[in-house]
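According to my numbering, the residues represented by the sequence shown are 66 to 529, in order. Just so it is clear, CB atoms sit at the ideal spot from N, CA and C, and this is done for glycine as well.
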Amino acid sequence: MVFGTLSRQWTVWKAAWQAESRQPSGIVAPSGRASEFLPAVLELQQAPPSPIGRALIWTIVSAFTAAVLWASFGWIDIVATAQGKIIPSGYSKIIQPYETGVIAAIHVQDGQVVKQGDLLIELDATLNRADQDRASHEQRAAKVEAARLRALIKGQAVFDAPADADHTYVLLQQQLLRDQLAEYQAKVAAAQHLMDQRRAAVEQTHENILRLEATVPMEVERAEAYKKLLDHEAVTKMDFLQAEGQRIDKAQELAAQKKKLVQDRAALAEAAQHYRAMVSEFQQNKQAELSVLETKTASLAQEVTKAGQKAGLQRLMSPIDGVVQQLAVHTVGGVVTPAQQLLIIVPREHPVEIEAQVENKDVGFVKEGQPVEIKVETFPFTLYGTIPGHVLTVSDDAASIEKVGLVYPTRVSMERSTIHVEGKQVNLSPGMAVTVEIKTGQRRIIEYLLSPLLKSVKESLRER
Numbered sequence: 066m067v068f069g070t071l072s073r074q075w076t077v078w079k080a081a082w083q084a085e086s087r088q089p090s091g092i093v094a095p096s097g098r099a100s101e102f103l104p105a106v107l108e109l110q111q112a113p114p115s116p117i118g119r120a121l122i123w124t125i126v127s128a129f130t131a132a133v134l135w136a137s138f139g140w141i142d143i144v145a146t147a148q149g150k151i152i153p154s155g156y157s158k159i160i161q162p163y164e165t166g167v168i169a170a171i172h173v174q175d176g177q178v179v180k181q182g183d184l185l186i187e188l189d190a191t192l193n194r195a196d197q198d199r200a201s202h203e204q205r206a207a208k209v210e211a212a213r214l215r216a217l218i219k220g221q222a223v224f225d226a227p228a229d230a231d232h233t234y235v236l237l238q239q240q241l242l243r244d245q246l247a248e249y250q251a252k253v254a255a256a257q258h259l260m261d262q263r264r265a266a267v268e269q270t271h272e273n274i275l276r277l278e279a280t281v282p283m284e285v286e287r288a289e290a291y292k293k294l295l296d297h298e299a300v301t302k303m304d305f306l307q308a309e310g311q312r313i314d315k316a317q318e319l320a321a322q323k324k325k326l327v328q329d330r331a332a333l334a335e336a337a338q339h340y341r342a343m344v345s346e347f348q349q350n351k352q353a354e355l356s357v358l359e360t361k362t363a364s365l366a367q368e369v370t371k372a373g374q375k376a377g378l379q380r381l382m383s384p385i386d387g388v389v390q391q392l393a394v395h396t397v398g399g400v401v402t403p404a405q406q407l408l409i410i411v412p413r414e415h416p417v418e419i420e421a422q423v424e425n426k427d428v429g430f431v432k433e434g435q436p437v438e439i440k441v442e443t444f445p446f447t448l449y450g451t452i453p454g455h456v457l458t459v460s461d462d463a464a465s466i467e468k469v470g471l472v473y474p475t476r477v478s479m480e481r482s483t484i485h486v487e488g489k490q491v492n493l494s495p496g497m498a499v500t501v502e503i504k505t506g507q508r509r510i511i512e513y514l515l516s517p518l519l520k521s522v523k524e525s526l527r528e529r
């Protein structure tokens, strides 16, 4: 429409200029009111053209030229818009119980200022303390029993009990040690006595063999002598038979003693083996019992630590300095469940910043350090302005948000945490919704104006 108007104006101006240039140079156009008495055709031909039309044409041309130049050489910011909210830089801390418990005391209320380490809520720790006391008592008893076994293995009649052991239990273990040691020593003495008896038998048999080995040759010689005398009828046959019988008895007795020596030595070896087996079995059994007790002691130590830690977790402390918010329990004796949100501690002294959600289409252009303009929804920016800041971090992975889709959490700093409202500075509180405009770059104005056309050209004429 604008171009059609310009075309008509140009045609009229061109025709007027041509008509004016065809007029004879010697003819003087009537001036003043004289032209009003001329015929209408002559009045129109001889009247000078109106300057308003020309001025309008040149104004439009100049404005169009200026607009084209401005669009060609002017720059505008490219902005990525992200929705977010104000949060403390240290994040709010959620207080939750470790396990199911009963509320014993509530020491805070909504809006109360607390310091790090202050007791917030106390849960009943009776069961945890009972478990800790039981495990601790069993651990001390196991240490006393282990000390008794070490002394028994070494053959000592007394042992050094731990300083925290129960005195009565120590006396019982001392008496048990004396009884076990006496029983063991009695068995050792009996086995030793049996070995001594077997050793004495071996020695006696050996002496008998030596005596017989010395006697038998004499008996043989005596029998042979009687045989010669019998041949010369110097002795009676009865005397010879008596001598021969004594020789045979001594030879048989020597053979029997040698056989008995083998049996006695076997009996001694058996007694020695029994002694060694008894001592070894005793040591192995007591070492096994000691190993079990040491394992039990270590396990009980872990149970004591675990029970103590659980008892400590029944006292919910403030992890930071801050303000109590969203207290969810108010009844002493009420039951809480694991991971139930009981309250929130909002950092008090930490500066605030913004957690914004950058869309997928913009995240490729958002970088750390880029400047931003922050619009607080509570305070319309048209009245109260914006707050400058810059991008701190951009998440490397997307998060899924219902009704929004995949977005990239982005942290944004604020140059100030207050906004000027009606003559005073108002603090910006965590939880306020904001709109973050991230300046990702610049482009010429003409590029912005022509981008829809270029997009249509690139995407057209290729459809199936």
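- beta strand (DSSP E) containing Q507: first to last residue? Translated into positions along the sequence shown, residue 507 becomes position 442. Counting along the chain, the beta strand (DSSP E) containing Q507 begins and ends at 498-509.
- Just to confirm, are T146 and V501 a CB contact at a threshold of 9 Å? Mapped onto the sequence shown, residue 146 falls at position 81. Mapped onto the sequence shown, residue 501 falls at position 436. Their beta carbons are under 9 Å apart, which means T146 touches V501 by this criterion.
- Task: For the stretch 109-183, list the beta strand (DSSP E) runs that are entirely contained and at least 3 residues long, ordered along the chain.
- Result: 140-153, 158-160, 166-171
- Query: With 16 as the cutoff for other CB atoms within 10 Å, does G139 come out buried or exposed?
  - Reply: Locating residue 139 in the sequence shown gives position 74, counting from the first residue. Exposed, since its Cβ has fewer than 16 Cβ neighbours within 10 Å.
- Item | Straight-line gap, T505 to M497 (C-alpha atoms, nearest Å) | As a first step, residue 505 is located in the sequence shown; it is residue number 440 there, counting from the start. As a first step, residue 497 is located in the sequence shown; it is residue number 432 there, counting from the start. Roughly 24 Å between the two C-alpha positions.
- Drop a sphere of 10 angstroms on the beta-carbon of P403, count the other beta-carbons inside from all chains shown, and report buried for 16 or more, exposed for fewer. One-based indexing of the sequence shown puts residue 403 at position 338. By the neighbour-count rule (16 or more Cβ atoms within 10 Å), P403 is not buried but exposed.
- Where the alpha helix (DSSP H) through I274 begins and ends: Taking the sequence shown and counting its residues from 1, one reaches residue 274 at position 209. Here the alpha helix (DSSP H) through I274 covers 232-296.
- Message: Quick check on the DSSP output: the alpha helix (DSSP H) that includes V428 runs from which residue to which?
- Response: Within the sequence shown, numbered from 1, the residue matching residue 428 stands at position 363. Where V428 is concerned, the enclosing alpha helix (DSSP H) starts and stops at 425-428.
- Tell me whether R508 is buried or exposed, calling it buried when 16 or more other Cβ atoms sit within 10 Å of its Cβ. Translated into the one-based positions of the sequence shown, residue 508 becomes position 443. Taking all protein chains shown into account, R508 has fewer than 16 neighbouring C-beta atoms within 10 Å of its C-beta and is therefore exposed.
- Task: Answer yes if the stretch 462-478 comes into contact with the stretch 414-425, meaning at least three C-beta pairs across the two stretches below 8 Å, and no otherwise.
- Result: yes
- Message: To the nearest angstrom, how far is the alpha carbon of S90 from that of E512?
- Response: Looking up residue 90 in the sequence shown gives position 25. Looking up residue 512 in the sequence shown gives position 447. Any reading at S90 is ruled out, since the residue's pLDDT is 48, under 50, leaving its predicted position unreliable.
- With C-beta atoms as the reference, is V441 less than 9 Å away from Y449? Working through the sequence shown from its first residue, we reach residue 441 at position 376. Working through the sequence shown from its first residue, we reach residue 449 at position 384. Contact: yes.
- Query: What first and last residue would you give for the alpha helix (DSSP H) that runs through A376?
  - Reply: Mapped onto the sequence shown, residue 376 falls at position 311. Bounds of the alpha helix (DSSP H) holding A376 are 302-378.
- Task: Please report the Cβ distance between A372 and Q240, rounded to the nearest whole angstrom; I am assuming they are in contact, meaning their Cβ atoms lie under 8 Å.
- Result: Mapped onto the sequence shown, residue 372 falls at position 307. Mapped onto the sequence shown, residue 240 falls at position 175. The Cβ separation is near 31 Å, so there is no contact.
- Message: Let me confirm a value: A303 is counted as buried when at least 16 other C-beta atoms fall within 10 Å, else exposed. Which label applies?
- Response: Your numbering for residue 303 matches position 238 in the sequence shown. Sequence check: residue 303 is Met here, not Ala. The residue is exposed, with fewer than 16 neighbouring Cβ atoms inside 10 Å.
- Item | Straight-line Cα distance separating V167 from G454 | Counted from its first residue, the sequence shown places residue 454 at position 389. Counted from its first residue, the sequence shown places residue 167 at position 102. Approximately 46 Å, taken between the alpha carbons.
- Report buried or exposed for S383, applying the criterion of at least 16 other Cβ atoms within 10 angstroms of its Cβ. Along the sequence shown, one-based indexing puts residue 383 at 318. Counting Cβ neighbours within 10 Å, S383 comes out buried, since at least 16 surround it.
- Item | Candidates S154, R213, A80, of which the one nearest R119 by Cα | The residue labelled residue 119 in the question sits at position 54 within the sequence shown. With respect to the C-alpha of R119, the residue from S154, R213, A80 having the closest C-alpha is A80.
- Query: Do you know whose CA, among D427, V400, R287, lies nearest A463's CA?
  - Reply: In the sequence shown, the residue the question calls residue 463 occupies position 398. Ranking D427, V400, R287 by Cα distance to A463 puts D427 first.
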